[in-house]
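Numbering (this note's numbering), first residue to last: 71 to 265.
Backbone N, C-alpha and C fix where the C-beta goes; we use that ideal spot for every residue, glycine too.
To start, the structure itself, in structure tokens.
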């Protein structure tokens with residue numbers, strides 16, 4: 071793995087180690103490839119089909135179970151865009167998540183660390199991918215709120231599916247590393263724009 075990789079992050083290597091940087095680069099490749107595969111499959115199905123209805127999806131079982139029927143073409147497109155946005159930020163030394171969907175994408179990307187640890191135990195000795203996620207995000211609320219079978223989120227909750235594309239984090243004027251000084255839009259538009 072070299073710094074020529076599109077998602078290579080010198081800052082991840084510097085602050086969290088080479089194993090973390092490798093996991094992010096390769097994990098983001100896998101997230102993007104798997105999202106594209108699901109998009110291709112969903113494009114051949116009636117509108118509203120979700121990934122649980124496909125013959126195969128890498129994301130069934132990895133995305134929060136409560137919202138499985140919501141993981142349709144539009145959602146997968148947003149997940150793909152989130153993966154690209156995270157790669158761009160990581161490459162430029164400022165890996166942050168602005169939305170719940172970006173937090174989930176980051177969790178899925180680093181989740182590949184378990185597989186990599188089995189492939190190269192020496193490189194990943196004493197490494198914990200959940201620790202990297204917690205350090206980057208500042209907490210692991212998404213694990214407790216979205217991946218715990220004891221929680222049922224209601225629409226008013228900030229981590230409910232209906233709020234996954236809202237900019238909720240790193241939006242209070244912190245330096246976010248984007249050229250414009252604003253969080254990167256991952257593809258959604260706001261009502262009234264361009265009118």
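Going by DSSP, what residue range makes up the alpha helix (DSSP H) through residue i?
| i | result |
| --- | --- |
| residue 157 | 143 to 161 |
| residue 180 | 170 to 181 |
| residue 95 | 88 to 113 |
| residue 206 | 199 to 207 |
| residue 211 | 211 to 216 |
Does the Cβ of residue i have 16 or more other Cβ atoms within 10 Å, making it buried, or fewer, making it exposed?
| i | result |
| --- | --- |
| residue 275 | There is no way to answer for residue 275, as the model of the chain reaches only from 71 to 265. |
| residue 185 | exposed |
| residue 234 | buried |
| residue 188 | exposed |
| residue 110 | exposed |
| residue 108 | buried |
| residue 134 | buried |
| residue 183 | buried |
| residue 219 | exposed |
| residue 97 | buried |
Can you list, in chain order, the residues of its chain whose CB lies under 6 Å from that of residue i, leaving out five sequence neighbours each side?
| i | result |
| --- | --- |
| residue 89 | 193, 194, 197 |
| residue 129 | 121 |
| residue 78 | 95 |
| residue 163 | 81 |
| residue 73 | none |
Could you name the residues of the same chain whose beta carbon sits closer than 7 Å to that of residue i, not counting the 5 residues immediately before and after it, in chain order?
| i | result |
| --- | --- |
| residue 228 | 238 |
| residue 271 | Because the chain is modelled from 71 through 265, residue 271 falls outside the range shown and cannot be assessed. |
| residue 142 | 112, 118, 119, 120 |
| residue 82 | 90, 91, 94, 160, 165 |
| residue 106 | 150 |
| residue 136 | 222, 223 |
| residue 23 | Nothing in the structure corresponds to residue 23, since the chain is present only between 71 and 265. |
Near residue i, which residues of its chain fall below 8 Å by C-beta distance, leaving aside the five closest residues on each side in sequence?
| i | result |
| --- | --- |
| residue 75 | 95 |
| residue 200 | 180, 210, 213 |
Can you tell me the Cα-Cα spacing of residue i and residue j, whole angstroms?
| i | j | result |
| --- | --- | --- |
| residue 243 | residue 115 | Its pLDDT being 44, under 50, residue 243 is placed unreliably in this model, and the coordinates cannot settle the point. |
| residue 175 | residue 203 | 11 Å |
| residue 191 | residue 123 | 36 Å |
| residue 170 | residue 84 | 26 Å |
| residue 232 | residue 125 | 26 Å |
| residue 205 | residue 216 | 18 Å |
| residue 177 | residue 132 | 10 Å |
| residue 230 | residue 140 | 11 Å |
| residue 147 | residue 86 | 29 Å |
| residue 145 | residue 155 | 15 Å |
| residue 102 | residue 138 | 19 Å |
| residue 99 | residue 236 | 24 Å |
(message) Any contact between the segment 159 to 167 and the segment 142 to 151? By contact I mean 3 or more CB pairs, one from each, below 8 Å.
(response) Taking one beta carbon from each stretch, the segment 159 to 167 and the segment 142 to 151 have fewer than 3 pairs nearer than 8 Å; the two do not touch.
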